[in-house]
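One gets our numbering by counting positions in the sequence shown from 1 and adding 2 to each.
Glycine residues also receive a C-beta, built at the ideal position from the N, C-alpha and C atoms.
Single-structure report; data block below.
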Amino acid sequence: MSVTPPESVIGSLVRKRIEELLREGKRLDGRELTQFREIKIDSSVIDTAEGSAQATLGGTIVLVGIKTETGEPFPDTPDQGVLTVNAELVPIASPSFESGPPNEEAIELARIVDRGLRESNAVGLKKLCLVPGKLVYVIFVDIYVLNHDGNLIDASTLAALSALMNARLPVYAVEKDGTAQRESGYTELEIQDLPISVTAAKIGDSLLFDPSLDEERAMDARITMTFDSEGDIRATQKGSRGAFTIEEIKGFALAAKDKAEKIRAHLRGLIE
3 MSVTPPESVI GSLVRKRIEE LLREGKRLDG RELTQFREIK IDSSVIDTAE GSAQATLGGT
63 IVLVGIKTET GEPFPDTPDQ GVLTVNAELV PIASPSFESG PPNEEAIELA RIVDRGLRES
123 NAVGLKKLCL VPGKLVYVIF VDIYVLNHDG NLIDASTLAA LSALMNARLP VYAVEKDGTA
183 QRESGYTELE IQDLPISVTA AKIGDSLLFD PSLDEERAMD ARITMTFDSE GDIRATQKGS
243 RGAFTIEEIK GFALAAKDKA EKIRAHLRGL IE
């Protein structure tokens, strides 16, 4: 005789309750289907970093630190700086997180944030070139999840973008012989665009924006789209085993574009 684990029983009960509420157009926490939880941004929270920010999305808390160095460019982009995103799921953030090398979830999180920043040209990589083919700025974006209550992707994107917005670069003078000499002081990192990601969970036939942890545990599938300031889709990621119809994707894209514009305006207000 098999015994169903308590976690599975609890998960089934939560999903049942979520589905009951969705039939009435409601969510567990009382939000509308496309409503995000409260967004809070604290900038320049790490004194030793070249840029930093902490984003709070409901109960989810993500800290991002920016580190800048100089190094060689990639061979196929000799005139561009380097942007690299890493994510760490800190064990204190969730009982499901373990210490050690990044797992698939951390790698996926870093790649989604990286793709949104890179494809929207949020940071002008060509402007980070000091000596073509020899010396460029290398920007490290390090994501640390401090508390996991759902929707790590959007929280991490907001934290990463906010950290980049207050990042600074050490000043270098390029000599005639093609060498670069470090000078005193710093200059601000120029941000060219403000990409905003919007994530939704599919439960049954409903799409829930900014899913909470309980909603993520009950979801059939997940979708994320990142929009640039012009409203164009720059990155898309589908997660979990379920599927979306073409009409669902189209509907989500339209609603997510509008949501991204509102979040971007809200972010500007928080930062400025």
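Listed in chain order, the alpha helix (DSSP H) runs fully inside the stretch 214–245 are 215–220, counting runs of at least 4 residues.
Cβ neighbours of Ala89 within its own chain (closer than 6 angstroms, five residues either side excluded): Ala108, Leu111, Ala112, Ile145. The alpha-carbon separation between Leu65 and Ile43 amounts to approximately 10 angstroms. The continuous stretches of alpha helix (DSSP H) do not include Leu59, which lies in the beta strand (DSSP E) extending over residues 53–59. For Asp81, the secondary structure class from DSSP, reduced to helix, strand or coil, is coil. With contact defined as three or more Cβ pairs closer than 8 angstroms, the stretch 253–267 and the stretch 196–211 are in contact. The stretch 181–194 makes no contact with the stretch 153–162, as fewer than three CB pairs between them are under 8 angstroms. In terms of Cβ geometry, Val147 and Leu91 form a close pair [threshold 9 angstroms]. Residue pairing by DSSP places Gly67 opposite Ser54, Asp144 in a beta bridge. The three-state reading of DSSP puts Ser122 in coil, since its state is none of H, G, I, E or B. Distance check between Arg39 and each of Thr238, Ser242, Arg236, Val200 places Val200 closest, using alpha-carbon atoms only. If you check the CB distance, Ala223 and Phe246 come in under 9 angstroms.
One thing to note: Gly53 has its Cβ within 9 angstroms of the Cβ of Leu166. A residue is called buried once 16 or more other Cβ atoms fall within 10 Å of its Cβ, and Thr228 is buried on that count.
Annotation: Phe76 is outside any alpha helix (DSSP H) and is labelled neither H nor E by DSSP. DSSP, reduced to helix, strand and coil, places Ile43 within a strand of the structure shown.
Residue pairing by DSSP places Ile205 opposite Ser208 in a beta bridge. In this structure, DSSP gives Gly187 an extended state, which the three-state scheme calls strand. Following the DSSP letters along the chain, one finds Leu171 inside the beta strand (DSSP E) bounded by residues 170–176. Using a 10 angstroms sphere on the CB of Lys204, the tally of other CB atoms reaches 16 or more, which defines it as buried. Remark: C-beta atoms of Leu137 and Leu171 do not approach each other more closely than 9 angstroms.
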